[in-house]
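Engineer: Pasting a structure here, questions to come.
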Amino acid sequence: MCGFAGIARREARGVAPATLRRMAAVLHHRGPDGYGLFTGRRVGLAHTRLSIIDLAGGAQPLANEDGSVVVVYNGEVYNYLELQRELEALGHRFRTHCDTEVLVHGWEEWGAAMLDRLNGQFAFALYDRRREQIFLARDRFGVRPLFYALTGAGDLVFGSEVKALLASGEVEAAPDLRGFDEVFTFWAARAPRTPFRGIAQLEPGTCALWRDGALSIRRYYALDYPGAEAEPADALERLDEIMRDSVALRMRADVPVGGYLSGGLDSSITCALAAGLSPYELRTFSVTFEDPTLDESAYQLRLARELGSVHAVEHIRSGDIAAVFPAVIRHTETPLVRTAPAPLYLLSKLTRERGIKVVLTGEGSDELFLGYDLFKETAVRRFCLRQPGSAWRPRLFDRLYPYLGPGARGEPWRRFFLDAGGEDDPLFSHLPRFLLTSRIKEFYSRETKAELEGFDAMEELRQSLPEGFARWSPLHRAAYLEMTTLLASYLLSSQGDRMGMANSVEGRFPFLDHRLFEFAAALPASSKLRVLREKDVLRRWADDVVPRELARRPKQPYRAPDIPAFFEGGEPEYVTELLAPEALERTG
């Protein structure tokens with residue numbers, strides 16, 4: 001895993017090496033193991049390397065034999081060995097043993113169509129010197145980030161993080177209030193928007209071609225939910241085949257691969273499968289909390305003992321989250337509405353201190369197999385709206401969100417779900433969350449409200465939904481919204497890539513193999529959410545993979561202390577400064 005940056009000039013006036021070095025310097029945390037530059041008449045590329053595959057030979061920027069194709073790349077192509085053999089059979093000669101080289105030869109052989117063959121998590125920029133064009137691409141689900149800006153002169157500035165673009169000195173640092181408004185609606189700005197004016201992010205599953213100052217973008221992978229009428233007879237066998245192969249592919253590395261172990265079903269599955277494949281003693285890592293309602297240490301230790309892993313724990317104490325939060329914000333490059341990324345920042349720090357720089361995690365499973373309470377909530381809301389006068393149906397809400405105390409529930413709480421909106425709204429499943437988050441906007445200043453007048457983040461989302469959206473089942477529509485508004489924009493970014501790479505730790509996500517997504521999306525919704533039992537098909541399969549008590553354990557969502565992190569046990573000085581009247585007036 002790495003960081004990269006670059007500039008492509010419309011006119012052949014070169015890119016100063018000093019500019020590229022500045023851009024690379026702010027990405028050092030993404031790649032402390034190596035550094036490289038490429039400079040040409042119109043294009044300059046910079047790369048910082050976290051060496052995982054072909055430690056000696058995988059330096060970047062990397063070119064083909066005659067130097068006509070040059071790539072900088074952040075990610076992993078897990079099926080690179082199979083692709084390398086295919087390309088060698090077609091006459092291509094490889095000089096390294098790294099997955100990066102598959103990209104340059106794949107471009108020579110297949111052009112942009114090579115993206116359909118890649119199984120991985122990636123963002124890259126490829127310079128085709130014969131055509132004087134830059135090709136940008138991002139993986140199907142948005143695991144790895146890619147930001148870009150077009151200057152007034154038609155130049156393209158791009159990189160793995162926004163800070164690299166700003167370090168170029170050619171992109172202005174200014175807020176985009178519409179991006180902020182999306183954060184205060186969806187928890188994150190939706191690609192291509194960012195919280196920075198004039199800076200965009202490439203959407204997951206898209207690629208872009210820049211030539212002569214013009215950038216064209218197209219989608220190469222679209223989410224679809226065909227949802228069969230009945231579960232196939234061989235569903236468990238097929239799930240077993242894909243899951244085991246997905247984990248095996250993600251164990252490919254020339255360094256030890258560890259695992260994050262939350263104590264839940266998804267991380268337990270990934271660590272259990274990894275333990276049987278690792279040539280090393282598996283290293284596992286967990287985060288725990290002083291608050292017993294947040295702590296899952298008993299389940300974490302149960303599986304660690306079962307696997308015989310070398311287990312390490314980051315125990316979050318009072319004051320820890322507030323102490324690191326400024327660093328967390330620097331790395332996320334966005335406002336946050338939760339503190340949840342901070343413990344993961346500390347966990348990746350512990351992981352790297354223990355000598356591990358690659359970990360498997362369970363992200364993506366809840367989106368694929370309808371694991372979140374939000375999906376149950378959607379089913380209960382639809383059930384209640386069929387008989388609006390029923391007195392007992394709304395009481396089903398009391399079975400959701402068990403971590404909320406009895407005092408937080410009651411008739412007003414139930415009415416909130418029922419009054420959020422009707423089934424005719426395409427955002428029906430997510431309206432309670434969006435409306436609740438949007439209450440943050442009550443704190444906008446008069447000037448901020450005036451600048452945002454006429455902008456409606458939810459309406460813009462409605463207008464962007466794919467053509468087939470209305471044909472999907474209600475729960476599959478909810479899954480699509482969760483994949484596109486929360487997973488890619490927040491969970492894989494603020495809690496995933498950014499918190500791991502802040503400490504030079506690469507996360508790998510077996511549940512986000514596109515073959516597994518397509519398998520899950522083709523199942524009937526009832527295979528995944530059976531009445532109010534989440535991830536049903538995954539749990540049935542997992543009975544033979546992890547201890548039964550973990551396979552059947554109700555989901556406990558990952559949470560971290562929010563208000564107590566800043567206002568109990570000593571208020572950090574920066575909190576007082578940021579909440580001062582003059583500071584609030586200045587920020588709007």
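Numbering follows my numbering, with no gaps: position 363 of the sequence shown is 363. Glycine is no exception: its CB is placed at the ideal position from the N, C-alpha and C atoms. The model shown is predicted, which means the values in this text are computed figures rather than measured ones.
With distances taken from CA atoms, which of L87, R250, A391 and L294 is nearest A274?
Structural biologist: Between A274 and the set L87, R250, A391 and L294, the nearest pair of CA atoms involves R250.
Engineer: Tell me, to the nearest whole angstrom, how far the beta carbon of L202 is from that of P195; I am working on the premise that it is less than 8 Å.
Structural biologist: Contact flag wrong, Cβ pair sits at about 16 Å.
Engineer: Can you look up P175 in the DSSP assignment and give me helix, strand or coil?
Structural biologist: strand
Engineer: Which residue from C207, I269 and R381 puts its Cα closest to that of D544?
Structural biologist: I269
Engineer: Would you grab the beta carbon distance between A2 and Y73 for me? Rounded to a whole angstrom, and I think it's under 8 Å.
Structural biologist: The sequence shown places Cys at residue 2, rather than the Ala named in the question. Right, the Cβ-Cβ distance comes to about 7 Å (below 8 Å), so this counts as a contact.
Engineer: Compare the beta carbon distance of E76 and E506 with 9 Å and say whether it is the shorter of the two.
Structural biologist: yes
Engineer: For chain C, check one thing: does any of its Cβ atoms lie closer than 9 Å to the Cβ of E88?
Structural biologist: Protein chains in the displayed structure number just one, and chain C is not present.
Engineer: Helix, strand or coil for V255? Go by DSSP, reduced to three states.
Structural biologist: coil
Engineer: Of all the alpha helix (DSSP H) runs that stay within the bounds of the region 502 to 559, which reach a length of 4 or more residues?
Structural biologist: 514 to 522, 525 to 528, 536 to 542 and 548 to 551
Engineer: Quick one: which unbroken alpha helix (DSSP H) runs of 4-plus residues sit fully inside the region 143 to 200? Chain order, please.
Structural biologist: 162 to 167 and 177 to 186
Engineer: Let me check understanding here. Comparing Cα to Cα, which of M483, V247, E86 and Y299 lies closest to S262?
Structural biologist: Y299
Engineer: Can you list, in chain order, the stretches of the alpha helix (DSSP H) that have 4 or more residues and sit fully within the region 99 to 136?
Structural biologist: 100 to 110
Engineer: Since S68 and R129 are thought to touch, with beta carbons under 8 Å apart, how far apart are those beta carbons, to the nearest angstrom?
Structural biologist: Sure, about 5 Å apart at Cβ, within 8 Å.
Engineer: What do you reckon, are the CB atoms on Y225 and A521 nearer than 9 Å?
Structural biologist: A521 sits close to Y225, with the two beta carbons spaced by under 9 Å.
Engineer: Would DSSP call P32 helix, strand or coil?
Structural biologist: strand
Engineer: For I440, which residues in the same chain have their Cβ closer than 6 Å to its Cβ, ignoring the five residues on either side in sequence?
Structural biologist: The answer, listed in chain order, is F184.
Engineer: Return the residue from the list W107, K376, A12 and F38 that minimises the CA-CA distance to D212.
Structural biologist: A12
Engineer: Straight-line CA distance for F517 to R140?
Structural biologist: If I take the Cα positions, the gap works out to 10 Å.
Engineer: Check whether the Cβ atoms of F397 and R386 lie closer than 9 Å to each other.
Structural biologist: A distance of 9 Å or more separates the beta carbons of F397 and R386.
Engineer: With a floor of 4 residues, list each alpha helix (DSSP H) that falls wholly inside the region 404 to 454, ordered by position along the chain.
Structural biologist: 411 to 418, 431 to 437 and 446 to 451
Engineer: When the distance is taken between beta carbons, is V255 closer than 9 Å to K357?
Structural biologist: yes
Engineer: At what residues does the alpha helix (DSSP H) containing R477 begin and finish?
Structural biologist: P474 to E482
Engineer: For P394, tell me which candidate among E411, G405 and P510 has the shortest Cα-Cα distance.
Structural biologist: E411
Engineer: What are the boundary residues of the alpha helix (DSSP H) that E573 is part of?
Structural biologist: E573 to L578
Engineer: Please classify K528: is it buried, with 16 or more other beta-carbons within 10 angstroms of its beta-carbon, or exposed?
Structural biologist: buried
Engineer: Candidates L301, A322 and P432: which alpha carbon is nearest P574's?
Structural biologist: Correcting the residue type first, residue 574 is Tyr in the shown sequence and not Pro. Measuring from the Cα of Y574, the nearest candidate turns out to be A322.
Engineer: Look up T39 in the DSSP assignment and give the residues it is bridged to.
Structural biologist: G44
Engineer: Assign S246 to one of three DSSP states: helix, strand, or coil.
Structural biologist: helix
Engineer: If you draw a straight line from the alpha carbon of E101 to that of D33, how long is it in whole angstroms?
Structural biologist: 18 Å
Engineer: If you compare alpha carbons, which of Q133, R219 and E568 is closest to A113?
Structural biologist: R219
Engineer: What first and last residue would you give for the beta strand (DSSP E) that runs through L465?
Structural biologist: Run containing L465: none; DSSP gives neither H nor E here.
Engineer: Quick one: what's got a C-beta closer than 8 Å to R110's C-beta in the same chain, skipping five residues either side?
Structural biologist: Here residue 110 turns out to be Trp, not Arg, going by the sequence shown. Cβ neighbours of W110 beyond the five flanking positions: R117.
Engineer: Using a Cβ-Cβ cut-off of 6 Å (strictly less than) and excluding sequence neighbours within five positions of E482, which residues of its own chain qualify?
Structural biologist: E367
Engineer: Report all residues from its chain with a CB closer than 8 Å to the CB of R508; omit the five preceding and five following residues, and keep chain order.
Structural biologist: E76, Q121, R250, V257, V358, V359, L360 and T361
Engineer: What three-state label does DSSP hand A63 in the structure shown?
Structural biologist: strand
Engineer: With a 10 Å radius around its C-beta and 16 neighbouring C-beta atoms as the bar for buried, classify D291 as buried or exposed.
Structural biologist: Counting Cβ neighbours within 10 Å, D291 comes out exposed, since fewer than 16 surround it.
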